[in-house]
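With this note's numbering as the guide, the letters of the sequence shown map in order to residues 8 to 756.
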Amino acid sequence: MTESMYGDIERRALSDFTEQAYLNYSMYVIMDRALPFIGDGLKPVQRRIVYAMSELGLDAASKHKKSARTVGDVLGKYHPHGDSACYEALVLMAQPFSYRYPLIDGQGNFGSPDDPKSFAAMRYTESKLSKYAQLLLEELGQGTTDWQPNFDGTMEEPVNLPARVPNLLCNGTTGIAVGMATDIPPHNLREVVAACTFLLDHPTCEIEELAVRLPGPDFPTEAEIITPRIEMLEMYKTGKGSIRQRAKYEVEDGEVVITALPYQTSGSKVIEQIAAQMQQKKLPMVADLRDESDHEHPCRIVIVPRSNRIDAAELMGHLFATTDLEKSFRANFNVIGLDGKPQVKDLKTLLSEWLTFRVDTVRRRLQWRLDKVEARLHILDGLLVAFLNIDEVIRIIREEENPKQELMARFGLSDRQAEAILDLKLRHLAKLEEIKIRGEQMELMQEQANLQRTLASDTRMKNLVRSELLADSHKFGDERRSPIVEREQAKAISEDEMLPSEPVTVVLSQMGWARCAKGHDVDAPGLNYKAGDSYLASAQGKSNQQAVFMDSTGRAYSVTAKDLPSARGQGEPLTSRFTPEPGATFTGVALAEESEQYLICSDGGYGFVCNYGDLVSRNKSGKNVLNMPSGALVLPMQPVSNIETDRVAVATNDGRLLVFPLKDLPQMAKGKGNKMIGIETAKLEKREEFVAGAVVLPENANLLITSGKRTFTMKPSDLEHYLGERGRRGHKLPRGFQKVDAVGIERKD
């Protein structure tokens with residue numbers, strides 16, 4: 008009994024069944040829900056909404072009707088899915104801030120750029136088709152498309168709409184399928200048509216030539232597109248990429264006014280992001296923030312700088328980098344092609360396939376019209392026979408039992424011609440009607456000849472498609488809204504740069520204690536030091552700069568100058584902030600901008616030039632900058648004025664001096680550097696011979712040589728004798744300076 012009841016059950020492995028079910032679902036989502044068709048650029052739900060509205064008579068010239076009426080028709084006749092998803096698709100096509108060329112003209116609350124999903128319920132809003140939608144529907148009843156049964160087989164719906172322009176590119180689309188997605192940005196209709204007509208005339212052209220006519224997307228907003236043209240060209244070549252858009256602003260009476268936001272950017276969210284930075288004290292240069300947007304100015308966000316000394320461009324650069332005032336949009340030209348398969352297409356392939364679709368559509372339209380003309384001419388031929396033999400025709404109709412068959416046999420008429428004669432009204436038998444028929448016949452024969460010539464000639468067909476494209480472009484096109492502008496990359500202002508910039512002097516003692524004094528007129532050696540401690544080095548700069556300390560092992564440490572204790576006290580030991588190696592001592596301090604350069608060297612005679620930014624380290628253990636020969640120690644860092652004209656003066660403890668161009672040394676971030684002056688390795692390890700000092704000499708600066716209590720000043724002309732190649736031993740200094748303790752420089756004002 009069990010076998011008889013269940014004998015027809017198909018047995019399948021669960022894994023096979025689930026795999027097939029998932030594949031079926033995937034294909035449905037890809038083909039019938041998420042991806043657009045290349046011909047009309049619409050997904051099925053969008054196509055059904057537009058078609059249902061046209062069937063309801065909701066064209067651009069009609070009155071608006073409740074959106075619920077449209078949604079009900081779409082769900083009941085063509086799209087058996089949820090009403091909320093269907094209505095959301097309708098709303099999207101009506102939002103001028105979402106669609107470049109809206110397909111629906113909405114009346115009521117259809118959302119706002121701040122919150123696109125804040126639209127009213129469909130029982131409150133009203134809608135009808137826009138004028139642009141005419142480009143998708145105008146040729147629908149002219150044999151231009153195939154038809155398919157609806158979901159219950161009671162009526163038919165178009166497989167696609169006969170779009171007169173590449174709506175896919177004009178309005179773009181987004182969709183997430185199973186395993187694939189599409190993100191096509193909107194473009195300008197005139198530019199798209201220009202690319203299409205160029206491709207019609209030059210089928211073998213390159214994508215670079217098309218990109219001249221279609222330089223980039225055109226969003227509904229007036230914000231700037233700042234993606235480099237070479238990146239957009241690459242996007243059109245591969246079908247994938249990204250578009251970066253930046254808000255548009257202007258300065259009015261010292262205030263920054265944002266007048267356009269990137270596509271799909273919420274003004275309220277941008278205001279929240281800026282306000283959050285202000286509350287967190289991360290935006291001290293902004294005093295106030297206002298939203299002055301209204302019906303006349305849809306976007307007007309006012310940023311009030313704290314003073315007129317604030318650079319508006321620098322401030323906006325920071326906001327571009329840290330808020331949605333600058334935004335990227337992914338591009339993925341994944342569409343269902345003419346072969347019915349999804350594929351990511353480049354610009355030329357996309358336009359070529361659409362032109363193939365358009366030419367085929369026009370051909371079907373012309374053939375449909377030709378069939379109509381020939382059918383009418385056939386009828387007119389029969390009517391003329393009737394007029395030429397009017398008496399006989401009347402006799403047959405009055406006397407014969409089967410007048411239709413008799414007419415067909417007597418005059419050699421077809422079934423349709425005989426039917427047309429029998430349907431004639433008496434008033435149409437007048438002589439004047441014969442003249443009208445002959446006139447209509449002549450016009451139709453002329454139209455027939457034109458249609459046949461066009462259908463037989465590829466050139467005439469291309470010319471017709473081109474002229475129609477240009478006419479539609481002129482009628483429905485407009486100027487570009489999103490300007491394509493070359494801009495530098497936005498850079499966020501660091502917290503250190505935002506801090507108040509005050510002149511300070513950082514002081515380092517022999518025992519490694521540091522402090523920060525306000526101003527540059529500080530007598531650093533005369534400050535109060537701990538017992539047994541004394542002045543070692545100082546550096547002048549700004550309070551928001553990083554102070555860099557170098558230790559005897561060649562490691563660099565940094566801290567913001569303002570974070571150091573005040574010079575009113577004796578400071579704090581750097582070992583409380585940093586963790587140098589055991590036995591290491593701090594040898595010097597510097598304070599400068601990150602782009603400035605310094606000479607880093609050891610008393611073993613090696614050195615190199617590096618950027619100050621390369622010395623900055625947020626690590627408590629610092630960063631290894633200088634690798635030193637065995638037995639060598641670090642020399643104080645020396646600022647560089649001009650690497651092309653500065654010279655290096657290197658003096659050894661035994662009284663030798665060498666001067667050479669600074670540009671002979673390499674520029675590095677870290678390392679040992681190159682040999683500056685020759686030092687014997689054995690003597691260096693025993694500390695018998697080493698570099699007593701190395702300085703960078705700007706043009707016209709004097710060199711100071713200190714030996715004991717005496718200091719010898721050497722003018723630039725005195726240094727000519729000591730000029731030589733880098734790495735040489737140098738020349739002996741004059742008598743009395745056979746033992747050098749230190750070197751320095753004296754600048755000339």
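Even glycine gets a Cβ: it sits at the ideal position worked out from N, Cα and C.
For residue i, write down the residues that DSSP places opposite it in a beta bridge.
i: I491; result: I232
i: C203; result: Partner(s): none; C203 has no beta bridge.
i: K72; result: S134
i: T582; result: Per DSSP, none; premise fails for T582.
i: C617; result: Y605
i: L730; result: V666
i: S516; result: Y542
i: T181; result: D190
i: E257; result: V264
i: F126; result: BP columns for F126 are empty, so no partner.
i: Q27; result: DSSP, once it has assigned bridges, lists no residue as partnering Q27.
i: E721; result: Here residue 721 is Met; the residue named in the question, Glu, does not match the sequence. Answer by DSSP bridge pairing, in chain order: L710.
i: L633; result: G678
i: L704; result: R654
Here's the rule: buried if 16 or more other CB atoms are within 10 angstroms of the residue's CB, otherwise exposed. What is residue i?
i: R54; result: buried
i: T9; result: Note on T9: pLDDT 49, under 50, position unreliable in the model; the coordinate value appears next. Under this definition T9 is an exposed residue.
i: I237; result: exposed
i: G526; result: exposed
i: F158; result: exposed
i: W154; result: exposed
i: Y29; result: exposed
i: P43; result: buried
i: E588; result: exposed
i: S628; result: exposed
i: R18; result: exposed
i: E696; result: buried
i: R107; result: buried
i: F24; result: exposed
i: Q27; result: exposed
i: P156; result: exposed
i: E397; result: Note on residue identity: the sequence assigns Ile, not Glu, to residue 397. Label assigned to I397: exposed.
i: A563; result: buried
i: Q286; result: exposed
i: S583; result: exposed
i: T132; result: buried
i: I401; result: exposed
Looking at residue i: is its Cβ nearer than 9 Å to the Cβ of residue j?
i: R175; j: L147; result: Note on residue identity: the sequence assigns Leu, not Arg, to residue 175. No, the Cβ-Cβ distance between L175 and L147 is not below 9 Å.
i: C177; j: G48; result: yes
i: I37; j: H86; result: no
i: G248; j: A140; result: no
i: F340; j: I191; result: yes
i: G614; j: L672; result: yes
i: G751; j: L710; result: yes
i: R758; j: G680; result: The question about residue 758 has no answer, for the chain in this structure spans 8 to 756.
i: E149; j: R372; result: Glu is not the amino acid found at residue 149; the sequence shown has Gln there. Yes, these two residues count as a Cβ contact at 9 Å.
i: P646; j: L606; result: yes
i: L757; j: L322; result: Outside the shown range of the chain (8 to 756) lies residue 757, about which nothing can therefore be said.
i: V596; j: A546; result: yes
i: L362; j: L207; result: yes
i: S648; j: G620; result: no
i: K630; j: K677; result: yes
So residue i and residue j are supposed to be a Cβ contact under 8 Å. How far apart are they, rounded?
i: L458; j: L377; result: 4 Å
i: S134; j: L97; result: 7 Å
i: K50; j: G182; result: 7 Å
i: A425; j: L414; result: 5 Å
Within the 9 Å Cβ cut-off, does residue i reach chain D?
i: H71; result: Here chain D cannot be found, since the structure has a single protein chain.
field: Every unbroken beta strand (DSSP E) within the stretch 524-564, with a cutoff of 3 residues, ordered by chain
entry: Within the stretch 524-564, the complete beta strand (DSSP E) runs of at least 3 residues are 542-549 and 553-558.
task: Report the residue ranges of all alpha helix (DSSP H) runs contained in full by the stretch 327-398; include only those spanning at least 4 residues, in chain order.
output: Fully enclosed alpha helix (DSSP H) runs of 4 or longer: 354-395.
query: Can you list the beta strand (DSSP E) stretches of 3 or more residues lying completely in the stretch 239-322, in chain order?
result: Qualifying beta strand (DSSP E) stretches, in chain order: 247-253, 255-259, 262-267, 293-298 and 308-312.
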